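Here the structure comes first, spelled out in structure tokens, and everything after it is commentary.
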Amino acid sequence: MLQTWHVSTPRHVASKLVADAPLLTGQYSNFDIVVYVDCGKRGNKMAEDCSDGFSIIDNDTA
Numbered sequence: 192m193l194q195t196w197h198v199s200t201p202r203h204v205a206s207k208l209v210a211d212a213p214l215l216t217g218q219y220s221n222f223d224i225v226v227y228v229d230c231g232k233r234g235n236k237m238a239e240d241c242s243d244g245f246s247i248i249d250n251d252t253a
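Residue numbering for the sequence shown is 192 to 253, as defined by our numbering.
What follows is the structure, given as structure tokens:
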């Protein structure tokens, strides 16, 4: 089942996919909720820090 191809020879494909829409990675997306999941000592510390005064300012409703 071994196939050897020369480096400059492209593989045969039926057709190329047309890029008619950009890739959406969510890097700059609007969101309404943030879910943080962690466990152990680091998770306990993060939960403590969040409850001690960490607040999110909601610009949409403020």
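Glycine residues also receive a C-beta, built at the ideal position from the N, C-alpha and C atoms. Computed from a predicted structure; not experimentally measured.
Item	Value
From 213, 241, 212, residue whose alpha carbon lies closest to that of residue 225	241
CB contact flag (residue 243, residue 237, <8 Å)	no
Cβ shell of residue 215 (< 7 Å), same chain only, five flanking positions each side left out	none
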